[in-house]
Structures are given as structure tokens and as C-alpha cells.
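Beneath this line is the structure, given in C-alpha cells, with notes to follow.
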Amino acid sequence: MPTFENKAEALHWFPMFRTWFGLCGLCKLPWNDIVPEDNKKTSEPAKVMKHVGWYADFFSAVTGRKTTPEDIITMSEAIYNFQRIFNLKMGFGTREHDTLPYRAVGPVTEEEYESRKERYDEQLKIKYGYDISGMNTKGKLSALRKEREEQYEKLKDAVYERRGWTKNGIPTVKTVKRLGIDFPEVMDVLKKNGVE
15 MPTFENKAEA
25 LHWFPMFRTW
35 FGLCGLCKLP
45 WNDIVPEDNK
55 KTSEPAKVMK
65 HVGWYADFFS
75 AVTGRKTTPE
85 DIITMSEAIY
95 NFQRIFNLKM
105 GFGTREHDTL
115 PYRAVGPVTE
125 EEYESRKERY
135 DEQLKIKYGY
145 DISGMNTKGK
155 LSALRKEREE
165 QYEKLKDAVY
175 ERRGWTKNGI
185 PTVKTVKRLG
195 IDFPEVMDVL
205 KKNGVE
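Below, the structure is given as C-alpha cells:
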């Protein structure tokens, strides 16, 4: 099972690369749906870095500006963080807005729990260390949801740290400066939201 850090890296990198496709008006299909045969031998097969390199070469050829795969991610990071700050200016873009719908954490009802009882019971016992022998379905449902919600909060912490954001999901001044988007208006939005 991937660590929170591995998941955080994936939740940082993949949205950045997909953002780059949107910025350039390109289709993502050739990137991750058509994988080179030797890709599985690479250190990060999920990223399909051979294709990422080709996209960097493509961008270099079109713009005349030498571009690396890391440059592509940095371009996207600047936009992604700027969008986050714009959302913040509009009253959104904090931790409270990065929540999953109640349904997504599942199971939602006792009936749903019972329909996959074996699976959910096993998660409670093995993954979370519960003794479920004296627990009714309502109690098990509540315990499972509590554990899953806590895991999601820990994952948000790891993702925010990886992205260079505060615990509240706001880009830090250091991140904004690194990305070159430390415009006075941006800095003002951060300051108004307690980030200095």
C-alpha cells in the first residue's frame, strides 16, 4: 500500500501535468493511455516519463525555449497555485473546501455496510485493529467512517505539505515566490488570510 507521502506526490504531480495539457490545448490520451513497452522498467512507471520528455521537446520546438519535464510541472504549479489564490480571494480555496461528499467516504447506510459486511469487517479488524466481536452494524459503520475520514485528513496534510501550502490549504509565501507569482495583489490575498 502506498504511503501518504507517495499518495501526496501523486496528488501533486498528476494534477500539475494535466493542468499543463489544458494550458497547451493538448489531449492527454497519448501520455498515459498509450504506454511505451519499456515503461514498466522505469523508476516511476505511473508518470510515463518518456512521454513527458517528448512533450517537453514538443514545447521546446514550438516555442523555441529549451524546456525540461521539470519546467512543465513548474509552469503548471504557478497556474494551479494562482487559481487556488483566486479561489481564496473569492471566499473559497481552504481546507474546508477540500472535502469529500459524505457518500464518497462510504458506506453510508447500515444496509450498505451489511451488503459488503465481510469486506468492511476485515478492514476494521486488520487495517484499523478493532475488536468487532461486540459491535453492532451501526457501531461498525460509525467506526469505519471515522477511520476513513481521519485518513483523508492525514492525506490532505501530506498533500498540502508537498504542494508547499499551509495546514489550511493556502499556498505559502515561499511557494508563491518560488513560482514567481508574488504579485502585490497575490501577497495581499495571502496576508488577508493570515499567510505572511
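First residue of the sequence shown: 15, per this note's numbering; consecutive thereafter.
Don't be surprised by glycine CBs; every beta carbon is placed ideally from N, CA and C.
Proximity winner among the options, relative to residue i (alpha-carbon distances)
{"i": "Lys160", "options": "Gly120, Val173, Asp196, Pro198", "result": "Gly120"}
{"i": "Asn207", "options": "Lys103, Ala118, Leu193, Phe197", "result": "Lys103"}
{"i": "Thr108", "options": "Thr186, Leu25, Tyr144, Asn20", "result": "Thr186"}
{"i": "Glu91", "options": "Lys61, His26, Thr77, Leu43", "result": "His26"}
{"i": "Asn20", "options": "Gly183, Ile48, Val173, Lys205", "result": "Val173"}
{"i": "Asn182", "options": "Glu136, Tyr134, Thr113, Thr56", "result": "Thr113"}
{"i": "Ala22", "options": "Glu167, Lys191, Glu210", "result": "Glu167"}
{"i": "Arg192", "options": "Ile93, Glu163, Lys131", "result": "Ile93"}
{"i": "Arg32", "options": "Gly148, Pro59, Tyr69", "result": "Tyr69"}
{"i": "Leu204", "options": "Phe100, Ser147, Pro115, Glu136", "result": "Phe100"}
{"i": "Arg162", "options": "Asp47, Pro115, Leu40", "result": "Pro115"}
Cβ-based neighbour list, residue i, same chain, cut-off 7 angstroms, excluding 5 preceding and 5 following
{"i": "Asp71", "result": "none"}
{"i": "Lys64", "result": "Pro50, Asn53"}
{"i": "Phe96", "result": "Ile195"}
{"i": "Tyr144", "result": "Leu138, Ala157"}
{"i": "Leu155", "result": "Pro121, Glu124, Tyr127"}
{"i": "Lys42", "result": "Arg32, Phe35"}
{"i": "Thr151", "result": "Glu124, Tyr127, Glu128"}
{"i": "Asp202", "result": "none"}
{"i": "Val209", "result": "Thr180, Ile184, Thr186, Val187"}
{"i": "Ile146", "result": "Asp135, Leu138, Lys139, Lys154"}
Paired residues, beta bridge with residue i - DSSP
{"i": "Trp68", "result": "In the DSSP output, where bridge partners are listed per residue, Trp68 has none listed."}
{"i": "Trp27", "result": "Answer is none; Trp27 lacks a bridge partner."}
{"i": "Trp34", "result": "DSSP, once it has assigned bridges, lists no residue as partnering Trp34."}
{"i": "Pro185", "result": "Trp179"}
Exposure of residue i, with buried meaning 16 or more beta-carbon neighbours within 10 Å
{"i": "Arg117", "result": "exposed"}
{"i": "Ser129", "result": "exposed"}
{"i": "Val200", "result": "buried"}
{"i": "Arg98", "result": "buried"}
{"i": "Phe73", "result": "buried"}
{"i": "Pro83", "result": "buried"}
{"i": "Phe106", "result": "exposed"}
{"i": "Ile184", "result": "buried"}
{"i": "Val76", "result": "exposed"}
{"i": "Lys61", "result": "buried"}
{"i": "Thr56", "result": "exposed"}
{"i": "Thr17", "result": "exposed"}
{"i": "Lys80", "result": "exposed"}
Nonlocal neighbours in the same chain, by C-beta distance under 8 angstroms from residue i, ignoring five residues either side
{"i": "Leu37", "result": "Met89, Ser90, Ile93"}
{"i": "Lys170", "result": "Arg109, Asp112, Gly183"}
{"i": "Val66", "result": "Phe31, Trp45, Pro83, Ile86"}
#### Entry: Sufficient close CB pairs (3 or more, under 8 angstroms) joining the segment 122 to 140 to the segment 170 to 185
Contact annotation: the segment 122 to 140 does not touch the segment 170 to 185, with fewer than three C-beta pairs closer than 8 angstroms.
### Message
Using a Cβ distance threshold of 8 angstroms, determine whether the segment 27 to 41 contacts the segment 79 to 89, with at least three qualifying pairs required.
### Response
Three or more beta-carbon pairs separated by less than 8 angstroms link the segment 27 to 41 to the segment 79 to 89, which places the two stretches in contact.
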